[in-house]
Amino acid sequence: MALHLLSEEDRLKGSSAAALGIFDGVHRGHRAVIDAAVKCSKDDQLLPVVCTFNTATVTTKGADFKPILTDTDKAALLCRAGAEYIYSPDFSLIRDMTAEEFAQRILKDKLNAGVIVCGRDFRFGRNAACGVEELERICAENKTELIVVGDVTEKGERVSSARIRQLLACGETERANELLGYDYPITGEVISGNRIGRTMDFPTANQRLNDKVVLPLFGVYASYCELDGRLCKGITNIGIRPTVEDREMPLAETHFPGFSGDIYGRTITVRLTRFVRPERKFSGVEELRQQIAADIAGVFK
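Spelled out as structure tokens, the structure:
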């Protein structure tokens, strides 16, 4: 299925079923909204559209807001969920619109929305002043169908981006993955490092972490990645490498036991499955080597 990213000049000619939201994690709650829009598009022969924002530009959540996913990972998951069209402008282009302007200029003129789908806590309009009640009124006036999707729960807990961020920050990766509905990804180019891992017989694939998105607790994780058509289990260290370098910018360093291919310069997605231990500073390289060996033995026992 081809994914079409709508520019500011694009206008949909066919009528659409539009899912509205920030969708910063495309988690199970978000996908319930997207699934409802995709179902409507199939039932009523509409175009499945997601109307969202470039998450790095969102300001209504506060200065410390960080999305769960990069926009690249987000777009890939939206496509996998069934979206064929995505409109994802910088938030600055929409934030000062009134509710009526947003409905007219975006939902009607641009997306040609015949059906609109959102969650119960969807906000829009200048200063996020409007919610579902105002959207219901506008849709009734425009004779547009509105579907409001209720909360999704997992083991009695509401699935939300805020809760997932909290779980990732505490190292509760397994629970975060349950709410996400997938294993937390780190996507990035494999860069050349100082090769200290190779001297300890633990070569690693190093990726710079994007500090514009939420980062998991610094430490060691069980992980995996698809490389050259095979699923490779790994062990990943997230952090600043205090024993050998003490960097300011964090790295993801993943060792794949048994894999010997050259992946420098390639963009890969490493997925974290379980938190093993916090990052800490060791007395030297030998103590670090012994700990890495113990970590690997524990993960791959």
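Going by the working numbering, 41 is the number at position 39 of the sequence shown; the sequence numbering is gapless. No residue lacks a Cβ here, since even glycine has one placed at the ideal position from N, Cα and C. Since the structure is predicted, the reported quantities are computational estimates derived from the model, not experimental observations.
Query raised in the report: What runs of the alpha helix (DSSP H), each 4 residues or longer, lie entirely inside the region 143 to 192?
Result: If we require 4 residues or more, the alpha helix (DSSP H) runs fully inside the region 143 to 192 come out as 163 to 171 and 175 to 182.
Report task. Spatial neighbours of V35 within its chain, please: CB distance less than 7 Å, with the 5 preceding and 5 following residues excluded, ordered by chain position. Result -> These residues qualify, in order along the chain: A21, G23, V119, C120, G121 and V151.
Query raised in the report: When the Cα atoms are used, what is the spatial distance from E10 to S43?
Result: Near 23 Å, if we compare the C-alpha coordinates of S43 and E10.
Report task. Out of D297, A142, D92 and D264, point me to the one whose CA is closest to F236's CA. Result -> A quick correction: the sequence has Gly, not Phe, at residue 236. Relative to the Cα of G236, the nearest Cα in the group D297, A142, D92 and D264 belongs to D297.
Query raised in the report: When the Cα atoms are used, what is the spatial distance from L170 to R30?
Result: So the alpha carbons of these two residues sit roughly 16 Å apart.
Query raised in the report: Near R13, which residues of its chain fall below 8 Å by C-beta distance, leaving aside the five closest residues on each side in sequence?
Result: So the list reads D111, K112 and N114, once near-sequence residues are dropped.
Query raised in the report: How should N212 be labelled, buried or exposed, when 16 other C-beta atoms within 10 angstroms of its C-beta is the threshold for buried?
Result: Here N212 is buried, its C-beta having at least 16 other C-beta atoms within 10 Å.
Query raised in the report: Where L148 and L137 are concerned, what is the direct C-alpha to C-alpha distance, given to the nearest angstrom?
Result: Roughly 8 Å between the two C-alpha positions.
Requested in this report: Output the distance between the C-alpha atoms of L233 and A131, rounded to the nearest integer angstrom.
Outcome: Cα to Cα, L233 sits roughly 47 Å from A131.
**Report entry** Between the CA atoms of T155 and I252 - distance to the nearest angstrom
**Finding:** Looking at the sequence shown, residue 252 is not Ile but Pro. Straight-line measurement puts the Cα of T155 at about 33 Å from the Cα of P252.
Report task. Report the rounded CA-to-CA distance for D45 versus F277, giving the unit in angstroms. Result -> Answer to the nearest angstrom: the Cα atoms are 42 Å apart.
Query raised in the report: Buried or exposed: R167, going by 16 or more other Cβ atoms within 10 Å of its Cβ?
Result: Buried, by the Cβ-count rule.
Query raised in the report: Does the separation of the CB atoms of F25 and K76 fall below 8 Å?
Result: Result yes, Cβ atoms of F25 and K76 sit closer than 8 Å.
Requested in this report: State the DSSP-derived secondary structure class of V301, mapped to helix, strand or coil.
Outcome: Correct three-state label for V301: helix.
Query raised in the report: The alpha helix (DSSP H) with A105 in it runs from where to where?
Result: Boundaries cannot be given for A105, as no alpha helix (DSSP H) includes it and DSSP labels it neither H nor E.
Query raised in the report: In chain order, what residues of the same chain have a beta carbon less than 8 Å from the beta carbon of G116, not counting five sequence neighbours either side?
Result: Closer than 8 Å at the Cβ level, and outside the excluded window around G116, lie S17, S18, A19, D46, L48, T146 and E147.
Report task. Could you pull the start and end residues of the beta strand (DSSP E) that H29 belongs to? Result -> In the DSSP assignment, H29 falls outside any beta strand (DSSP E), carrying neither H nor E.
Requested in this report: Give the secondary structure of K293 by DSSP, where H, G and I count as helix, E and B as strand, and everything else as coil.
Outcome: The residue asked about is misnamed: residue 293 is Gln in this sequence, not Lys. Three-state DSSP puts Q293 in a helix.
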